[in-house]
Amino acid sequence: MKKILVAFLSIILLLGTVGILAACTKKETTDETTQTGGNNVPDVDMSLRTDTQYGLYWYGDSGNLDDTKRSQENMPVEYYDPSKPTVIYSHGWKTANDEREVLSTLSKTYSVTSGASGNINYVAELKALGYNVAFWDWFDYAKDLDYLQNEIWTIKTVEEAEDGTENYKAAVAALDGRTFAGEFAREVYAVMKNSTNSETVFIGHSFGGQMVTAAAYTLYKLSDMGVITNKNVLPARISLADPYIPGARLSGKMDLIGEDTKCYNATKVADAIEYLNRAGAVIDLNGAMTGLTYDGYYFTTPEKIRTEVKTKLMTNTVYVIQVNLQNKYGSVGDVHNISRDFVLTSFIEGKKGNMTGCVPNLSMTAAELRPYVGREFEQLGNGFDISGATMKEILSEED
């Protein structure tokens, strides 16, 4: 029964859940300012908390999965080299029985694909390609599917969380007036503020897709506000692997940027993606358990609202339906996690030059991928066969 419930909850991804949406209201609060260089710059608390059970961990040049260092200013160069490009990954929801995720192929993916996925240490591969690599770990607080969007987007007090689950209350207490997106942004800024390389890529799986979207949104807003002056801190690329966007409401202020947020979760995500695209970030959205098949399946809210959000998402991303994975592994269940490994593996194999027959592909730079934004594709091929993967554009009748 539990497996059925998990499958049911997981299927309510992205476009299927954009059905219960409303316009998102927001207002920036920048009352407290300090004078910097003659310009009014908001006074925001960018201080790090490094004694928490969540955080951004940077991998050493050894490539070993257990060789990590928590974010800090003046990071040792073997963990962060400001001249190198950077990949930062976030995991998503975790059940009470899940093991702590590491940045390698999931054992279930290897099993379900009968080894076709390979058993890859993504850290070692990315380090060999010359990347800084970091992992956003929020495992201890990622176990309550009903409240994760609140932990990511809006500040809550312990009193406001009183009616929630024990895991949610623990997260709110640990955050202590902050949000996960805000903490993610603080740690990125502390480590990368002197970066001289403009290639930064955020990759998020499932609820981690929301995490990296919210963190990127916060960083870009801080840049707009003048708090961040080095544009290399901002992710040029954002890859979403089967992002999970539930039909829940948000209410409260955002950390660091002070926006009042009162809307449906999916509306906020769609608005953030639109803003990021206009601000210069290039976003690819890769759906295995999502796609138009599930649009409105579990919800009966007005089609007009569903259409508005769906249109905003598809207009502002390179939108990919992973038909190759659906056809081989099904469109519900294990394919959700397989999507995670296919996205990570595609990025690496593309950088190695092994996806020349698949255009667009996830290894492309922001400039190379920009012409494909606002277009919809089906990824075709034989399951996890990376070398044989191709893209077929889905054209409208007008095209």
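Residue numbers (our numbering): 16 to 414.
Built from N, CA and C at the ideal position, the CB exists for glycine as well.
Below 6 Å CB to CB, which residues in the same chain sit around residue i once its five sequence neighbours on both sides are set aside?
i	result
Leu-307	Confidence at Leu-307 is low in this model, with a pLDDT of 36, below 50, so the placement of that residue is unreliable and no value is reported for it.
Asp-286	Cys-39
Leu-410	none
Thr-44	For Thr-44, the predicted model reports a pLDDT of 38, less than 50, meaning its position is unreliable and no value from the coordinates is stated.
Ala-263	Gln-164, Asn-280
Thr-180	Asp-159
Leu-237	Ile-243
Tyr-94	Trp-73, Gly-75, Lys-84
Asp-349	Val-127
Gly-389	Thr-330
Thr-65	Arg-85
Tyr-162	Gly-179, Tyr-183
Asn-134	Thr-120, Tyr-125
Phe-392	Val-335, Met-406, Glu-408
Where DSSP assigns a beta bridge to residue i, which residues make up the other side?
i	result
Glu-219	Inspection of the sequence shows that residue 219 is occupied by Gly rather than by Glu. According to DSSP, which records beta bridges pairwise, Gly-219 is partnered with Ser-105, Leu-255.
Gln-394	Met-406
Phe-199	Looking at the DSSP assignment, Phe-199 forms no beta bridge with any residue, so it has no partner.
Arg-293	In the DSSP output, where bridge partners are listed per residue, Arg-293 has none listed.
Thr-276	Gly-267
Leu-300	Leu-255, Tyr-334
Asp-178	According to DSSP, which records beta bridges pairwise, Asp-178 is partnered with nothing at all.
Trp-151	Leu-71, Ser-105
Quick test of your reading: residue i and residue j, contact by CB under 8 Å. State the CB separation rounded to the nearest angstrom.
i	j	result
Met-207	Pro-57	Actually they are not in contact, since the Cβ atoms of Met-207 and Pro-57 sit about 20 Å apart, beyond 8 Å.
Asn-331	Gly-396	In fact, because the Cβ distance is near 26 Å, the residues do not count as touching under 8 Å.
Ser-221	Gly-75	In fact, because the Cβ distance is near 27 Å, the residues do not count as touching under 8 Å.
Lys-109	Ala-157	5 Å
Met-370	Ala-404	7 Å
Tyr-232	Leu-291	6 Å
Ile-218	Val-324	Not quite, the Cβ-Cβ distance comes to about 23 Å (not below 8 Å), so this is no contact.
Trp-151	Met-226	6 Å
Glu-198	Tyr-69	7 Å
Ala-143	Leu-71	Not quite, the Cβ-Cβ distance comes to about 22 Å (not below 8 Å), so this is no contact.
Pro-100	Asn-212	5 Å
Val-297	Leu-384	5 Å
Phe-154	Arg-115	5 Å
Lys-224	Tyr-259	In the sequence under discussion, the amino acid at residue 224 is Gly, which differs from the Lys named in the question. Going by Cβ atoms, the distance from Gly-224 to Tyr-259 rounds to 7 Å, so yes, they are a contact pair.
Tyr-344	Gly-398	7 Å
Leu-141	Val-102	6 Å
CB-CB under 7 Å to residue i, same chain, minus the five flanking residues each way: which ones, in chain order?
i	result
Asn-136	Gly-78, Leu-80, Ser-119
Asn-182	Tyr-156, Lys-158, Asp-159
Asp-96	Asn-147
Thr-67	Ala-189
Ile-14	Absent from the model: residue 14. The displayed extent of the chain is 16 to 414, so no value can be given.
Asp-82	Tyr-74, Gly-75
Val-374	Met-406
Gln-337	Asn-301, Gly-302, Ala-303, Ser-354, Phe-357, Gln-394
Gln-341	Ala-303, Val-350
Glu-289	Lys-327, Asn-331
Ordered along the chain, which non-local residues of its own chain (more than five positions away) have a Cβ less than 8 Å from that of residue i?
i	result
Thr-276	Cys-39, Thr-40, Lys-41, Trp-168, Thr-169, Leu-265, Ser-266, Gly-267, Lys-268, Met-269, Lys-283
Met-1	With the chain covering 16 to 414 only, the question about residue 1 has no answer from this structure.
Ala-196	Ile-167, Trp-168, Met-226, Ala-229, Ala-230, Tyr-232, Thr-233, Met-269, Asp-270
Glu-177	Lys-184
Quiz item: Mind pulling the alpha helix (DSSP H) runs of 4 or more residues that sit fully within the region 327-366?
Solution: 338-344, 350-366
Exercise. Count the CB pairs spanning the region 268-278 and the region 165-181 that are closer than 8 Å, and state whether there are at least three.
Key: yes
Quiz item: Are three or more beta carbon pairs between the region 353-360 and the region 122-132 nearer than 8 Å?
Solution: yes
Quiz item: Within the chosen definition, does the region 240-253 reach the region 129-146 through at least 3 CB pairs nearer than 8 Å?
Solution: By the C-beta criterion, the region 240-253 is judged not to be in contact with the region 129-146, since fewer than 3 inter-stretch pairs fall below 8 Å.
Self-check item: beta strand (DSSP E) segments (min. 3 residues) lying fully within the region 68-135
Solution: Counting only runs of 3 or more, we get 70-74, 83-85, 101-105.
Quiz item: Is it a yes or a no for the region 201-216 touching the region 170-179, going by three-plus beta-carbon pairs under 8 Å?
Solution: no
Self-check item: Segment contact flag, the region 185-204 with the region 289-303, C-beta cutoff 8 Å, min 3 pairs
Solution: no
Quiz prompt | Completely contained alpha helix (DSSP H) runs for the region 367-393, where each covers 4 or more residues | solution = 381-384
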